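Taking it in order: structure first as structure tokens, then the write-up.
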Amino acid sequence: MSAADVRQVAGSDLRRTARAVQEAALRWLSRNRAHFLLGDGALAPDGRVNDSWKPLGELAQVCSTLCARTPPSDPVHSCARELLAFAWRETGEGALFLPLQRGEPFATYPLEVYAAFASAGLRHPGYERAAATVAATRGWRLTEQHPTRRLGVLCAERQIGLHRDDHESELLARTWLGGLPEPWTFERASGYALTHVVFHLTDWGRGGPGLPAAVADHLAHWSPAWLVTCLEAGLWDLACEVAAVAALVPTARTDAAFEAALGETWPRIARAQYTSGALCEVDTRMPQAAPSQEAVPRDEGAPGPDGHGFRTCYHSTLMAAFAAGLTLARWDGVCDEPSPSWMTTGVPG
Amino acid sequence: MKQSGASALLQGAVQDLASGVASALRGGGRTSREDLHATVRSTSDLDLAAARVLGADLLLPAVLDGTAPTGPEVDLARRAFDAYPPPVTAAPTVAWSHWALGHTLRRVGAPSGPVPEPGPEPDASWLTGAPWPSLTHHLAVLAPLALPGQDCAVARLARGRTLDVARGFVRAIRRRDWYQAAGAGRWLAVLPDVPHTLGLPSGLDFVELMGGGDARVLLQVRAARLIGSGVSV
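Shown next, in the form of structure tokens:
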């Protein structure tokens, strides 16, 4: 299927819908950006990383990709750049990564969060020297990790120019996706594992070593079924991640049903999205365990006083903006063309 | 209440009959139809309705075995064919199911008595271009048409959409719709170029493990295995 065919499948209505989902999600993220602030305990020895550095890193990761996948003239680019700049300032323009690393020298998350900024051209030479010192040890390289996690660390190291001898193909073969599993064994945990393998191999949709042919074929065959069943189950967060993965499958290996599944994702996500732009992780009307409907009021979508609404929505809202950006880039043919200059110059300012 | 009670009785009769067919398909080699003979000897209206629900699969052991069906099998199938002609307003799957029963009766022949005329193939254009989830749903209902060498419009259409049916098989398992999964699995046993990454044999085992308590599921899984083992009809 040619890029023109893909664009034909992705009719203008679907394109407008995906774009509207993305813009609404970014508006909600911008309005609620104060919830991404690290807080006083971010450098504490017992700091709650999942409530501080993790959300900030995810914001940076998504915005870095959106900046790379849109031209500077696009309002989405401007919005993502502003959010990225906000997040970078929150890290003291990279300076906070130094005390963070001193607290846990062999923890990988500081490097992984930093790498999201570095991939957008936001760098702190002092931290990179410190990270390189630790990464040069045998102990760092021998850290025992699941292969999907290891691929994530390799992805992060790649962003700051560190390379090691790990064979990504061998690591990949030990992941759920890389082992080419029977597609009907897909469940939530394996779904999140597979999406992250793809994100790590593609530098979150910005490049990277890419997908080996067998993995790309596997995704081309089966991601429509995974995507549709996630949508049918109201697993909005995972559905957005799988949609992002599908958008990264090389176009030449796909078919009309594949493109239709990706396109039809957007009206369904649009219906699930609150008018505020927030998207819950799961459909609360579905039988699986889910946060309460009251967590985010449908009409305003603003987080409650305790921030609970933010926690249940921020990741899926980020993933909606991310997946929509990759889908639109696919439809625009950006994925198939040489990187224009705005994809490699990073984030200005 | 009365209707749901009747429905439950019919479901029970379908299960009994399907169980007889599934037992006859057990083993993977030549079929043994002792269990089936016990169930097809029933003659109530309920059994006739159950036979119509099961359709052409009532004769599946004979078809896959390559031997002539017994008198009671043919008698029940023929009476079910005659008793439930599809109205002109019937859903396409109902018309096709009825045609499949008549076609199979003609195919296996009858020990005695006239062979019914199945009539021309119903229209299949409604399936053309169907999205893969609904295509798989309809094909699963029409699983009795999934036989090696079957030449009809539905089978020809399915042969051009292997990947779509394979995706539907995945979706059905994800939805825990074991009946649809088993029917799709049976189609995949006769379709060309099934991606090996699907893992159809272990998928059928999984469907039986999870949904094999339903005799209709068991019937389709065993049919798929027999067909997949290369049985020629």
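Line order of the protein sequences matches chains A and B. Okay, so the first sequence: first residue is 17 according to the numbering used here, each after it adds one. Okay, so the second sequence: first residue is 77 according to the numbering used here, each after it adds one. Where is the CB? At the ideal position from N, CA and C, for every residue including glycine. If you're wondering where the values come from, they're calculated on a predicted model, not measured in any experiment.
Could you have a look at B/PRO207 and say whether DSSP puts it in helix, strand or coil?
-> Along the second sequence, one-based indexing puts residue 207 of chain B at 131. Three-state DSSP puts B/PRO207 in coil, outside helix and strand.
Q) Since A/TRP238 meets chain B, which of its residues come closer than 8 angstroms, beta carbon to beta carbon? A) Along the first sequence, one-based indexing puts residue 238 of chain A at 222. Residues of chain B passing the Cβ test: ARG243, VAL246 and THR273.
| How would you list, in chain order, the residues of chain B whose beta-carbon sits under 7 angstroms from the beta-carbon of A/LEU247? | Looking up residue 247 of chain A in the first sequence gives position 231. Within 7 angstroms Cβ-Cβ: nothing; A/LEU247 doesn't reach chain B, min ~11 angstroms.
**Simplified DSSP state of B/ILE303, which is helix, strand or coil** = Here residue 303 of chain B is taken as the residue at index 227 of the second sequence, counted from 1. Assignment of B/ILE303 by DSSP, reduced to helix, strand and coil, places it in the helix class.
Does DSSP put B/SER120 in a helix, in a strand, or in coil?
-> The sequence position of residue 120 of chain B within the second sequence is 44, counting from 1. When DSSP states are grouped into helix, strand and coil, B/SER120 belongs to the coil group.
Subject >> Residue from A/LEU193, A/ALA146, A/ARG47 and A/GLY137 whose Cα sits closest to the Cα of A/LEU127 >> reply: Here residue 127 of chain A corresponds to residue number 111 of the first sequence, with the count starting at 1. When only C-alpha atoms are compared, the closest one is A/ALA146.
### Query
Can you tell me whether DSSP reads B/TYR255 as helix, strand or coil?
If you number the second sequence from 1, residue 255 of chain B lands on position 179. Correct three-state label for B/TYR255: helix.
**Asked** Mind checking whether B/ALA138 and B/ALA144 have CB atoms under 8 angstroms apart?
**Response** Position 62 of the second sequence, counted from the start, is the residue given in the question as residue 138 of chain B. Position 68 of the second sequence, counted from the start, is the residue given in the question as residue 144 of chain B. The Cβ-Cβ distance between B/ALA138 and B/ALA144 falls below 8 angstroms.
Self-check item: Where B/ASP240 meets chain C, residues with beta-carbon distance less than 7 angstroms
Solution: The chain labelled as chain C is not found among the protein chains of the depicted structure, namely A and B.
Listed by chain order, chain B residues near A/LEU170 by CB distance under 9 angstroms: Within the first sequence, numbered from 1, the residue matching residue 170 of chain A stands at position 154. Residues of chain B with a Cβ closer than 9 angstroms to the Cβ of A/LEU170 do not exist, since the nearest Cβ in that chain sits about 25 angstroms away.
What is the residue span of the alpha helix (DSSP H) that A/CYS296 lies within?
As a first step, residue 296 of chain A must be located in the first sequence, where it is residue number 280. Per DSSP, A/CYS296 lies in no alpha helix (DSSP H) and is assigned neither H nor E.
Checklist entry - Which term fits B/ALA291, buried or exposed, when burial requires 16 or more other beta carbons within 10 angstroms of its beta carbon? => result Taking the first residue of the second sequence as 1, we reach residue 291 of chain B at position 215. When all chains shown are included, B/ALA291 counts as buried.
Under 8 angstroms by beta carbon: chain A residues contacting B/TRP208
Translated into the one-based positions of the second sequence, residue 208 of chain B becomes position 132. Against B/TRP208, the close residues of chain A are PRO240 and ALA273, in the order they occur along the chain (beta-carbon pairs closer than 8 angstroms).
Under 8 angstroms, Cβ to Cβ, is there at least one residue of chain B near A/PRO228? Counting from 1 along the first sequence, the entry for residue 228 of chain A is found at position 212. Not an interface residue.
Just the C-alpha distance for A/GLY110 and A/LEU116, rounded to the nearest angstrom, thanks.
Translated into the one-based positions of the first sequence, residue 110 of chain A becomes position 94. Translated into the one-based positions of the first sequence, residue 116 of chain A becomes position 100. Cα-Cα distance, rounded: 10 angstroms.
- If you follow the alpha helix (DSSP H) that A/GLY155 is part of, which residue opens it and which one closes it? Numbered from its first residue, the first sequence carries residue 155 of chain A at position 139. Per DSSP, A/GLY155 belongs to the alpha helix (DSSP H) from 154-157.
(Q) Beta-carbon within less than 6 angstroms of B/PRO173's beta-carbon, same chain only, minus the 5 sequence neighbours each way: which residues are those? (A) Position 97 of the second sequence, counting from 1, holds the residue named residue 173 of chain B. The sequence shown places Ser at residue 173 of chain B, not Pro. If we look at B/SER173 and ignore the five residues flanking it on each side, its Cβ neighbours are GLY131.
| said: Just to make sure I have the definition right: I need the residues of chain A whose C-beta is within less than 7 angstroms of the C-beta of B/GLY279. Which are they? | reply: Within the second sequence, the letter at position 203 stands for residue 279 of chain B. Within 7 angstroms Cβ-Cβ: GLU198 and TRP200.
Discussion item. Against chain B, which members of the stretch 209-222 of chain A pass a CB distance test of less than 9 angstroms?
Written reply: For chain B, none of the residues of the stretch 209-222 of chain A brings a beta carbon within less than 9 angstroms of one of its beta carbons.
| task | Report the rounded CA-to-CA distance for A/THR191 versus A/ALA148, giving the unit in angstroms. | result | By 1-based counting over the first sequence, the position of residue 191 of chain A is 175. By 1-based counting over the first sequence, the position of residue 148 of chain A is 132. If you take the alpha carbons of A/THR191 and A/ALA148, they lie about 27 angstroms apart.
For B/ARG360, would you say it is in contact with chain A, using Cβ-to-Cβ distances shorter than 8 angstroms as the test? Only positions 77 to 309 of chain B appear in this structure, which leaves residue 360 of chain B out of reach.
>> By the DSSP assignment, the alpha helix (DSSP H) with A/VAL214 in it spans what residues?
In response: Translated into positions along the first sequence, residue 214 of chain A becomes position 198. That run of the alpha helix (DSSP H) goes 204-217.
Notebook entry, point to check: Just how far apart, CA to CA, sit A/HIS216 and A/ARG154?
Noted result: Along the first sequence, read from residue 1 onward, the residue named residue 216 of chain A stands at position 200. Along the first sequence, read from residue 1 onward, the residue named residue 154 of chain A stands at position 138. Roughly 22 angstroms separates the two Cα atoms.
Notebook entry, point to check: Closest Cβ-Cβ distance between A/HIS183 and chain B: below 8 angstroms?
Noted result: For the purposes of this step, residue 183 of chain A is identified with residue 167 of the first sequence, where counting begins at 1. Chain B contact via Cβ: absent.
(request) Could you tell me how far apart the beta carbons of B/LEU285 and B/GLY261 are, in whole angstroms, since I believe they sit closer than 8 angstroms? (result) The residue labelled residue 285 of chain B in the question sits at position 209 within the second sequence. The residue labelled residue 261 of chain B in the question sits at position 185 within the second sequence. Contact doesn't hold; Cβ gap of about 13 angstroms is too wide.
- Task: Starting from the beta carbon of A/HIS234, find every residue of chain B whose beta carbon is closer than 8 angstroms, and list them in chain order.
- Result: Along the first sequence, read from residue 1 onward, the residue named residue 234 of chain A stands at position 218. Under the 8 angstroms cutoff, chain B gives THR273.
Reduced DSSP secondary structure (H/G/I, E/B, other) of A/ASP29: Indexing the first sequence from 1 puts residue 29 of chain A at position 13. Note: A/ASP29 maps to helix in three-state DSSP.
Note to self: Along the chain, where does the alpha helix (DSSP H) containing A/PRO71 start, and where does it finish?
What the structure shows: Taking the first residue of the first sequence as 1, we reach residue 71 of chain A at position 55. Segment 69-84, the alpha helix (DSSP H) holding A/PRO71.
**Message:** Assuming the contact rule is C-beta atoms closer than 8 angstroms, A/ALA286 and A/ALA96 should be a hit. Round their C-beta distance to whole Å, please.
**Reply:** What you label residue 286 of chain A is simply residue 270 of the first sequence in a count that begins at 1. What you label residue 96 of chain A is simply residue 80 of the first sequence in a count that begins at 1. A/ALA286 to A/ALA96, Cβ: 20 angstroms. No contact.
* Asked: Which residues bound the alpha helix (DSSP H) around B/ILE249?
  -> Along the second sequence, one-based indexing puts residue 249 of chain B at 173. From DSSP, the alpha helix (DSSP H) with B/ILE249 extends over 238-250.
Host alpha helix (DSSP H) of A/GLU275 (start-end): The residue labelled residue 275 of chain A in the question sits at position 259 within the first sequence. Its alpha helix (DSSP H) spans residues 272-288.
- So, is the C-beta of A/VAL244 closer than 8 angstroms to a C-beta in chain B? Taking the first residue of the first sequence as 1, we reach residue 244 of chain A at position 228. Closer than 8 angstroms to some Cβ of chain B, the Cβ of A/VAL244 qualifies, so yes.
Exercise. Looking at A/ALA263 and A/THR211, is the spacing between their C-beta atoms short of 8 angstroms?
Worked result: Here residue 211 of chain A is taken as the residue at index 195 of the first sequence, counted from 1. Here residue 263 of chain A is taken as the residue at index 247 of the first sequence, counted from 1. Not a contact, by the Cβ cut-off of 8 angstroms.
How about A/ARG165: is its Cβ closer than 7 angstroms to a heavy atom in the ligand GDP? Among the components modelled here there is no ligand, and therefore nothing to report on the ligand GDP.
Practice problem: Can you tell me the Cβ-Cβ gap for A/THR164 and A/VAL129, rounded? I've got them flagged as a contact below 8 angstroms. | Solution: Reading the first sequence from its first residue, position 148 is the one you call residue 164 of chain A. Reading the first sequence from its first residue, position 113 is the one you call residue 129 of chain A. Their Cβ separation, rounded to whole angstroms, is 17 angstroms, which puts A/THR164 and A/VAL129 out of contact at 8 angstroms.
Q. Hey, is the stretch 197-208 of chain A in contact with the stretch 219-226 of chain A, meaning 3+ C-beta pairs nearer than 8 angstroms?
A. Output reads no: the stretch 219-226 of chain A does not touch the stretch 197-208 of chain A.
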